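Student:
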Amino acid sequence: MTAGETGPMLLRVEGLTLDYPLPRERLLAPAPRFRALNAVNLHLAKGESLAVVGESGSGKSSLARTVLALERPTAGRVEMMGQDVFALPPAGLRALRRHAQMVFQDPYGSLDPRRKIGWTIAEPLDALESGVSAAERKARIAEVLDSVGLKPRDAERFPHEFSGGQRQRIAIARALITHPDLIVADEPVSALDVSVQAQVLNLFMDLRERLGLSYLFISHDLAVVRHVADRVAVMRHGEVVEEGGVESVFNAPRHPYTQALLAAVPRVGMPRRRNAGS
Amino acid sequence: MTLLSLQDLRVTIATPEGPATLLDGVSFDLAAGEQLGIVGESGCGKSMTALAVMGLLPAAARAEGHVIFEGKNLLALDEDALCQIRGRRIAMVFQEPMTALNPVKTIGDQVAEGLRWHMGLGRGEAETRAVKLLDRVGLPQPRFAPGLYPHQLSGGQRQRVVIAIALACDPAVLIADEPTTALDVTSQAEILDLLADVTAEARMALMLITHDLAVVWQNTASMLVMYAGCVVERGTTAAVFERMAHPYTRGLLAASPHALDRALPAGRRLATIPGRVPDPQHRPQGCVFAGRCSRAAPDCLPGPPAERALEDGHRVACLHPHGAELPA
């Protein structure tokens with residue numbers, strides 16, 4: 001559970017602050033800003049899995065995007081494999097991106113409907129690695145399709161031929177093709193049905209054991225992350241309000257917000273708890 | 001007293017590959033003031049059942065059977081007659097509050113629309129009522145003025161507006177189709193509390209459609225489990241949860257990450273139901289669940305299993321249900 005403290009550090013986030021400009025309200029006054037992340041500190045060791053939990057608007061997706069250098073922070077550092085990602089030249093950042101890939105929430109929106117999935121899966125490879133021969137490219141596609149429980153010949157099919165769960169497997173295959181160390185998954189199962197959700201969560205667990213992956217797992221659902229994460233960070237209004245081992249946060253939440261979040265999850269066998277505020 | 005009764009409702013839709021059966025003989029009764037949960041995965045026919053009751057089926061769909069509400073078969077009514085019932089006697093809360101609301105009309109106008117249309121209220125009177133309704137659903141003045149637009153509200157607040165619209169004409173039946181799926185857990189708990197309060201106050205019947213067994217457990221008195229267009233298990237919520245007779249019901253609970261009260265031991269995996277819900281065009285001949293069922297036997301394949309009674313109105317459509325031996 002706490003293996004993270006000792007292993008080599010894969011990701012270190014220090015004082016990360018991100019402001020988004022809001023529409024200007026007065027002509028001469030500076031545009032107001034919205035602070036999406038406020039001095040966030042996190043670390044993730046190689047092979048470790050960290051969940052970031054919070055409600056919509058808590059900043060968890062902004063965190064995921066900033067960690068992958070898709071947003072430029074207002075202040076703070078993101079260090080991946082010992083390198084400051086915002087100090088790197090473009091070529092260095094491209095090289096680093098091979099090691100960190102993303103899986104998005106909506107498997108319907110994240111695959112190009114007009115491309116065969118083999119093309120979609122190989123896109124990170126084509127963009128980030130040069131000198132890959134056609135034969136190797138094909139072998140790599142087959143390898144990742146096999147990893148996620150699909151068949152190599154599925155590469156010739158189009159997204160509409162797959163169910164939601166299979167599409168999310170395709171999105172995971174695309175993330176795996178550059179042999180990354182870190183996968184950032186933003187709500188990867190919340191668009192899926194219950195029975196399929198369990199299949200995809202199990203796939204995440206299998207891949208981690210087999211490939212030694214690290215996960216940054218973003219979710220609004222504490223129960224989902226319980227089984228795939230070692231540690232959990234609870235976010236609210238852009239700040240991490242509580243962080244700890246997943247079981248200790250579950251069994252003995254310290255922050256009132258975490259307690260409220262846990263109490264709001266409906267559970268079979270428990271009577272409904274009324275909300276104080278409603 | 002039965003308020004709404006579905007009898008052998010069958011909905012087929014024309015597709016390029018021929019007609020597909022979306023609902024295959026769905027029957028149930030809803031009494032005044034009853035809270036009925038309908039649970040199942042997407043593609044199981046939960047929403048289609050709600051749309052059939054509302055008379056909102058897609059144009060290519062054909063419905064057979066009976067949907068009896070206050071002595072009338074809704075399937076036989078023309079559009080004018082349906083408009084007298086829809087929104088007035090039977091109202092619906094949809095899943096996505098952003099798409100259910102009109103982005104270019106104020107929330108006050110949208111709540112007042114039904115009052116003016118169905119109750120013939122004047123502009124001023126309708127707005128006064130709309131303000132009261134907004135207040136009732138937890139959007140008090142002056143913070144939530146009726147002149148606000150949907151984009152100025154959060155997801156949970158928008159869903160409260162949708163509920164206010166549904167409540168406006170004091171309907172007898174409220175259908176809530178995945179009302180909290182698009183919301184955070186804390187908003188979900190508040191919206192479910194609100195639905196329970198407003199329906200109990202007016203003895204309104206509630207049809208709560210969800211994929212989450214825990215939501216059904218905490219908010220309904222009776223429940224139906226649907227799979228591939230059929231009702232596979234039904235009964236009081238307490239009885240269904242006590243026995244979980246149908247293998248699909250058990251599988252659904254076991255696969256839910258909420259079901260476990262501790263983390264999985266290292267190397268263990270969540271329980272899954274192999275495969276997925278069959279498409280309407282490719283539904284198997286016999287029991288629709290047999291292909292994914294660990295208890296399937298040769299006798300499941302020839303024809304769909306008939307529903308049989310277990311105890312006290314608990315019924316299951318399965319030849320090999322879990323739990324106590326069935327009486328022959």
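Just so you know, the protein sequences line up as chains U and G, in that order. Mapping to our numbering: the first sequence position 165 is 165, numbers consecutive. Mapping to our numbering: the second sequence position 99 is 99, numbers consecutive. Think of the CB as a built atom: it goes at the ideal place given N, C-alpha and C, for glycine as much as any other residue. Remember, it's a predicted structure, so these values are computed and weren't measured experimentally.
G/ALA112 and G/GLY126 - do their beta-carbons sit closer together than 8 Å?
Tutor: The question names Gly, yet the displayed sequence has Ala at residue 126 of chain G. Taking 8 Å as the Cβ cut-off, G/ALA126 and G/ALA112 qualify as a contacting pair.
Student: Given that a residue counts as buried once 16 or more other Cβ atoms are within 10 Å of its Cβ, and exposed if not, what is U/ASN38?
Tutor: Label assigned to U/ASN38: buried.
Student: Under the rule that 16 or more other beta-carbon atoms within 10 Å means buried, what is G/ALA14, buried or exposed?
Tutor: Under this definition G/ALA14 is an exposed residue.
Student: Since G/ASP177 is in the beta strand (DSSP E), which residue starts that stretch and which ends it?
Tutor: 173 to 177 is the extent of the beta strand (DSSP E) around G/ASP177.
Student: Only counting the same chain, and skipping five residues up and downstream in sequence, which positions put a Cβ closer than 7 Å to that of U/PRO21?
Tutor: The residues are ALA31 and ARG33.
Student: So the candidates are U/LEU125, U/ILE183 and U/GLY164; which of them puts its Cα closest to the Cα of U/ARG65?
Tutor: U/ARG65 has its Cα closest to that of U/ILE183, out of U/LEU125, U/ILE183 and U/GLY164.
Student: Would you call the CB atoms of U/ARG137 and U/ALA122 closer than 8 Å?
Tutor: Their beta carbons are under 8 Å apart, which means U/ARG137 touches U/ALA122 by this criterion.
Student: For G/PRO140, collect the residues of the same chain with a Cβ closer than 8 Å to its Cβ; drop the 5 residues on either side in sequence, then sort them by chain order.
Tutor: Once the five neighbours on either side are set aside, the close Cβ partners of G/PRO140 are LEU134.
Student: CB G/GLY114 to CB G/ALA196, shorter than 8 Å?
Tutor: For G/GLY114 and G/ALA196, no; Cβs fall outside 8 Å.
Student: Taking CB distances under 8 Å as the criterion, tell me whether U/ARG167 reaches chain G.
Tutor: Not one chain G Cβ lies under 8 Å of U/ARG167.
Student: Within 10 angstroms of the Cβ of U/THR270, are there 16 or more other Cβ atoms? Answer buried if so, exposed if not.
Tutor: The sequence as given places Met at residue 270 of chain U; Thr does not occur at that position. Classification for U/MET270: exposed.
Student: What ranges does the alpha helix (DSSP H) occupy inside the region 191 to 243 of chain G, keeping only unbroken runs of at least 4 residues that lie completely in it?
Tutor: List check, alpha helix (DSSP H) in window: 213 to 219 and 237 to 243.
Student: How far does the alpha helix (DSSP H) with U/GLN166 in it reach, from first residue to last?
Tutor: Its alpha helix (DSSP H) spans residues 164 to 176.
Student: Can you give me the Cβ contacts of G/GLY147 inside the same chain, cut-off strictly under 7 Å, excluding the 5 residues immediately before and after it?
Tutor: If we look at G/GLY147 and ignore the five residues flanking it on each side, its Cβ neighbours are THR106 and GLY108.
Student: Considering only residues of the region 176 to 218 of chain U, which uninterrupted beta strand (DSSP E) runs meet the minimum length of 3 residues and lie entirely inside it, listed in chain order?
Tutor: You should have 182 to 186.
Student: Quick one: which chain U residues come within Cβ less than 8 Å of G/VAL215?
Tutor: The answer, in chain order, is PRO266.
Student: When burial is assigned at 16 or more other CB atoms within 10 Å of the CB, is G/PRO265 buried or exposed?
Tutor: With fewer than 16 other Cβ atoms within 10 Å, it is exposed.
Student: Taking CB distances under 8 Å as the criterion, tell me whether G/PHE241 reaches chain U.
Tutor: At least one chain U Cβ lies under 8 Å of G/PHE241.
Student: Could you check the C-alpha separation between U/LEU213 and U/ALA252 for me, to the nearest Å?
Tutor: Cα to Cα, the separation comes out at about 28 Å.
Student: Looking at C-beta atoms only, is the number of pairs between the region 185 to 203 of chain G and the region 154 to 167 of chain G that lie closer than 8 Å three or more?
Tutor: Result yes; three or more Cβ-Cβ pairs closer than 8 Å.
Student: Using a C-beta to C-beta distance shorter than 7 Å, which residues of chain U count as neighbours of G/SER42?
Tutor: Neighbours of G/SER42 on chain U, chain order: ASP193.
Student: What do you get for U/TYR280, buried or exposed, if any count of 16 or more other CB atoms within 10 angstroms of its CB means buried?
Tutor: Outside the displayed range of chain U (1 to 278) lies residue 280 of chain U, so it cannot be described from this structure.
Student: Please check the pair G/PRO304 and G/VAL288, which I expect to be a contact at CB under 8 Å, by giving their CB distance rounded to whole angstroms.
Tutor: The pair is a contact, with the Cβ atoms about 7 Å apart (cut-off 8 Å).
Student: On the CB-based measure, 16 or more other CB atoms within 10 Å of its CB, does U/ALA29 come out buried or exposed?
Tutor: By the neighbour-count rule (16 or more Cβ atoms within 10 Å), U/ALA29 is not buried but exposed.
Student: Secondary structure at U/TYR257, three-state DSSP: helix, strand or coil?
Tutor: Helix, per DSSP.
Student: Assuming U/GLN105 and U/ALA191 form a contact by the criterion Cβ under 8 Å, report the distance between their Cβ atoms to the nearest whole angstrom.
Tutor: With a Cβ gap of about 6 Å, U/GLN105 and U/ALA191 count as contacting.
Student: Which value, in whole angstroms, describes the spacing of the CA atoms of U/ARG174 and U/GLN83?
Tutor: Spanning the two alpha carbons is a distance of roughly 24 Å.
Student: Could you tell me whether the Cβ of G/PRO16 comes closer than 8 Å to any Cβ of chain U?
Tutor: No, because no Cβ of chain U sits closer than 8 Å to the Cβ of G/PRO16.
Student: If we define contact as Cβ-Cβ less than 8 Å, is U/SER280 a contact residue for chain G?
Tutor: For chain U, the structure presents residues 1 to 278; residue 280 of chain U sits outside this window and is missing.
Student: Just the Cα atoms here: how many angstroms apart are G/GLU79 and U/LEU70?
Tutor: Roughly 51 Å separates the two Cα atoms.
Student: Name the residues in the region 245 to 276 of chain G whose C-beta lies less than 7 Å from a C-beta of chain U; which are they?
Tutor: Of all residues in the region 245 to 276 of chain G, GLY251, LEU252, LEU253, ALA255, SER256, PRO257, HIS258, ALA259, ALA263, LEU264, ARG269, LEU270, ALA271, THR272, ILE273 and ARG276 have a Cβ within less than 7 Å of some Cβ in chain U.
Student: Beta-carbon within less than 6 Å of G/TYR292's beta-carbon, same chain only, minus the 5 sequence neighbours each way: which residues are those?
Tutor: Note that residue 292 of chain G corresponds to Arg in the displayed sequence, not to Tyr. Once the five neighbours on either side are set aside, the close Cβ partners of G/ARG292 are ILE273, PRO274 and GLY275.
Student: If G/GLU70 and G/ALA182 are in contact, beta carbons under 8 Å, what's the gap, nearest whole angstrom?
Tutor: Contact flag wrong, Cβ pair sits at about 32 Å.
Student: Please list, in chain order, all residues of the same chain as G/PRO19 whose beta carbon is under 6 Å from its beta carbon, the five residues on each side excluded.
Tutor: Excluding positions up to five away in sequence, the list reads THR12.
Student: In terms of residues, what are the limits of the beta strand (DSSP E) holding U/PRO21?
Tutor: It spans 9 to 21 - the beta strand (DSSP E) in which U/PRO21 sits, taken as one unbroken run.
Student: Can you tell me which of the three DSSP states G/ASN73 falls into?
Tutor: Of the three classes helix, strand and coil, the one that applies to G/ASN73 here is strand, per DSSP.
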